[in-house]
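Asks: The structure under discussion is supplied below as structure tokens; questions concerning it will follow.
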Amino acid sequence: MIEHTLQVLEFDRIVALLAGRTVSPPGRELALALRPLSAAAEVRLRLQQTEELQRLAAAGGGLPSVGGCRDLTRPLQRLQTDGTYLEPEQLLEVLGCCESARDCRRFFDRIEQVPATAELAAGLEPLPHLIGVLRDSIGSRGEILDSASAALAEVRVDIRRTRSQIRQVLEKMLANDSLAGAFQELLITERNGRYVLPVRTDRKTEVKGFVHDESASGQTLYVEPAATLDRNNKLRGLLREELREVERVLRRLTQLIRGAAEELTNNQRILARFDLLNAAVRLSQIVGGRVPKLINAPELDLRGARHPLLFFDSEGEVRSGELVPVDLRLRAGDRTLVISGPNTGGKSVALKTAGLLHLMVAAGLPIPCGEGSRIHLFGTVLADIGDEQSIATSQSTFSGHLLNIRAILEQADNESLVLLDELGTGTDPAEGGALGIAVLDALVDAGARTVVTTHLNRIKGYAQLRSGVVNAAVEFDPETLQPTYRLQYGNPGASGALTIARRLGLPGAVLDKAEQLLDPDELQGGRLLEELTELQRQSREELTVARQERETAEVERQKRRELLHQFEQQREKLYERARHRAENLVRETEAKLRKLLDEAESRGHSVAERAEMTRELRAVGEELPQRRTPARHGGGGPVSQGEIVRHRTLGVDGVVIKVSDQESELEVAGKRLRCLKDDLVPFQPRRFRNDERRTRVTSKVDTTEFKPKLLLVGQRVDEALGNLDRFLDAALLHHMKQVEVVHGSGEGILRRAVRDALSSHRGVTGFHAADIPFGGENVTIVELAG
């Protein structure tokens, strides 16, 4: 039954995709032999190893190199026979495995925080001595190097010297004028391992020697001249000695490998495992694989799951486009999940996704799912999926399903995940539904967890009534006649056959007849299911819109909070500056009053006058703590246009530019702010009236009839300039040193006109914008000649 489950869930295709991403024969063989594991500890270890390599690859650290690993099984088996030795090509394979083991070990020696893979790599034996000897003995093409042994180097020197001597003799003969025309070609060649010259047949008597061969035409004889016979014999002997020495080298190297056979076998096993892990990482990069959390409770919670085979076409090539994820959920209290809905809606895909992803996790592979996914490692996965009809055995589809279900009922227990596709089909719907319910009840009693797809209303109703059984509907858009592939939990899905048929244009008379033939209860139930499905779709869309609006509102609220924070910081800075200015002003005023008091005493003022001045000075000192920051008045009394006010909630000051019944429009630092009138309080900065105090001392001018503040907000430019001119004249007549002009900000037209007029007024010595707590750019402070 297990092999049947692997087949119907197409686990073999996952294995093939994995094997195609290995780089070594042992890794490929290991991938092709991959099967789900039964030991949870081994599964956790493999998943941890894969997840560590995923993190390394994602961080740009790459993957361990294992491309040099080769299958050493046969060469190492050959070593068990005495007297045998390995060929150079086999020695190269051994060298490749040794170097891969060394490189893989070094890779993990320099990387931290990968304990599981580092522990696996720690089992590799680098075998540096064997690597060194093999590198000195074998070339990249498998040739035995001169450095393999001193004797081999010496005999090869003799071979090269003898060959050179032979060639010199033959070259002289070719250049001999007396033999001109005796040779078919002026070249030296070999026959039977001996150097010869191509002599024309009609002049063979001129070149004394041994004939080794003749051309196919008979016109050329290949003659070994007598002058080189001895040297050729010597060369043949040297070549035989070279072969004997090469064999001695191969036997010596083979003996070294025989002594390291156990380490080489272990290295190959570990390198194949790393090759498989690397392939799993490469596959996960394509399908968006991650390692879900493994849990002990028999639950299934795969969020945003995707069927991994849908990422590839039938040839294994990666497809383009996005896949629609599905949430697969079977919680601790749920025994059975019943998935229903229209054909082509994704029921079977969801079922297969649940089964295949579980098999992949049990095999130690990451799966395409979302963050927060959890899965229990069931002991067995039992599946009845697809068409089980067999012509060879005269077995019908229904019979095939029944045989599978019988095997499932025999094996199912509380550690089983059972997958049943289209339960109850293939026979009369009434009997099929009854049989399906009985099967599901039996699986519940056995403790198994089951995922089932169906079209039968009786099974859907069973899921609504049976405790521990949950309905889920695959969503289908009736407007586009396309599945959305999403699962909606809690309600069954309508098959929608008549609706789809009507949308596709089947004759109305046929559809009307079909509806008349339907059982009234079935028809009404189907319509209710369709309406419920549509309501769910609309509700989800509305929920999505509401969620987006809530997120947008939250972003706006965060922006406002940041703006208020900036206002608060600016306000505190301004308050601090105002406090310093107030303290300086108090100190200056105290100094002036003391000076006036001293002058009054020196000029002989009366005791009563000096006492009054002393009381004034004492009052200034007592008011100092209250005058260090601008006063904040409570109460939300009436406000008028042009008035400087404070927003109690925001803590910012501005000028009122518009007033209505409930709201006011406030200008703050050049920005307009709409707010409730109750949030505004009058703002009257507490300032020292130096002119009045000085008047009491000098008694020259009574300033109580003149207010050193002019309100121009809302006036036209020509009207405002006329009022400004009259105001300045009055201020100069009253010997004022400083006055305030409130003009607001708005678009800045009135403010610019006022300041242009001030710059050309003969009685104005200077002007500047008020501090922000006192109006900012809405108010201009004017310094007068007095």
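Residue 0 in numbering that gives the first Met the number 0 sits at position 1 of the sequence shown, with consecutive numbering throughout.
In this text, a Cβ means the ideal position worked out from N, Cα and C, and glycines have one as well.
Since the structure is predicted, the reported quantities are computational estimates derived from the model, not experimental observations.
#1: Can you find at least 3 beta carbon pairs, one from the segment 196-204 and one from the segment 222-230, that sit closer than 8 Å?
#2: Just reading off the alpha helix (DSSP H) that residue 353 is part of, what are its end residues?
#3: When you compare the CB positions of residue 382 and residue 354, do they come within less than 8 Å of one another, or not?
#4: When you compare only the Cα positions, how much space is there between residue 271 and residue 373?
#5: With contact counted as at least three CB pairs below 8 Å, one residue from each stretch, are the segment 322-339 and the segment 33-44 in contact?
#6: Between the alpha carbons of residue 564 and residue 557, how many angstroms are there, rounded?
#7: Give the range of the alpha helix (DSSP H) segment to which residue 241 is assigned.
#8: Could you name the residues of the same chain whose beta carbon sits closer than 7 Å to that of residue 4, not counting the 5 residues immediately before and after it, in chain order?
#9: Counting beta carbon pairs with one atom in the segment 320-330 and one in the segment 431-440, are three or more of them shorter than 8 Å?
#10: With three or more beta-carbon pairs closer than 8 Å as the criterion, would you say the segment 2-22 touches the segment 251-266?
#11: Work out the CA separation of residue 161 and residue 786 for me, nearest whole Å.
#12: Just confirm the distance between the C-beta atoms of residue 143 and residue 245, as a whole number of angstroms; I'd bet it's less than 8 Å.
#13: Provide the residue span of the beta strand (DSSP E) that contains residue 213, from first to last.
#14: Taking the C-alpha atoms as reference points, what is the distance between residue 679 and residue 301?
#15: Any contact of the segment 177-184 with the segment 204-218, i.e. 3+ C-beta pairs under 8 Å?
#16: Residue ranges of each alpha helix (DSSP H) run of no fewer than 4 residues wholly in the segment 495-521, ordered along the chain?
#17: Residue 763: which of 784, 751, 769 and 101 sits nearest, CA to CA?
#18: For my contact list, residue 447 and residue 413 are in at a C-beta cut-off of 8 Å; report their separation, rounded to the angstrom.
#19: Going by alpha carbons, who is nearest to residue 569 out of 772, 736, 239 and 659?
#20: Report yes if the C-beta distance between residue 743 and residue 777 is below 8 Å; otherwise report no.
#21: List the DSSP bridge partners of residue 771.
#22: Is it true that the CB of residue 62 sits closer than 8 Å to the CB of residue 290?
#23: Can at least three beta-carbon pairs, one atom from the segment 52-70 and one from the segment 96-108, be found at a separation below 8 Å?
#24: If I follow the unbroken beta strand (DSSP E) through residue 379, where does it start and stop?
#25: Count the other C-beta atoms from every protein chain shown that fall within 10 angstroms of the C-beta of residue 177, then say buried if there are 16 or more, exposed otherwise.
#26: Sorted by chain position, which residues of the same chain lie with C-beta nearer than 6 Å to residue 752's C-beta, five sequence neighbours on each side aside?
#27: Keeping to the same chain, check which residues put their C-beta closer than 6 Å to that of residue 550; ignore five residues upstream and five downstream.
#28: By DSSP's criteria, residue 222 is part of a beta bridge. Which residues make up the other side?
#29: Relative to the C-alpha of residue 305, which residue among 347, 548, 292 and 243 is closest?
#30: Using CA coordinates, which residue listed in 282, 76, 146 and 118 is at the minimum distance from residue 56?
#31: What is the DSSP secondary structure of residue 748, reduced to helix, strand or coil?
#32: Going by beta-carbon coordinates alone, are residue 278 and residue 44 separated by less than 8 Å?
#33: With DSSP collapsed to three states, give me the class of residue 459.
#34: Out of 118, 122, 134 and 116, point me to the one whose CA is closest to residue 88's CA.
#35: Is it buried or exposed for residue 517, if we count other Cβ within 10 angstroms and need 16 for buried?
#36: Going by the DSSP bridge assignment, what does residue 375 pair with across the sheet?
Replies: In brief:
#1: yes
#2: 346-361
#3: yes
#4: 29 Å
#5: no
#6: 10 Å
#7: 228-258
#8: 380, 381 and 382
#9: no
#10: no
#11: Since the displayed the chain opens at 0 and closes at 785, residue 786 lies outside it and no answer follows.
#12: 5 Å
#13: 208-213
#14: 55 Å
#15: yes
#16: 496-502 and 507-516
#17: 784
#18: 7 Å
#19: 772
#20: yes
#21: In the DSSP output, where bridge partners are listed per residue, residue 771 has none listed.
#22: no
#23: yes
#24: 379-383
#25: exposed
#26: 716
#27: none
#28: 196 and 210
#29: 347
#30: 282
#31: helix
#32: no
#33: helix
#34: 134
#35: exposed
#36: 294
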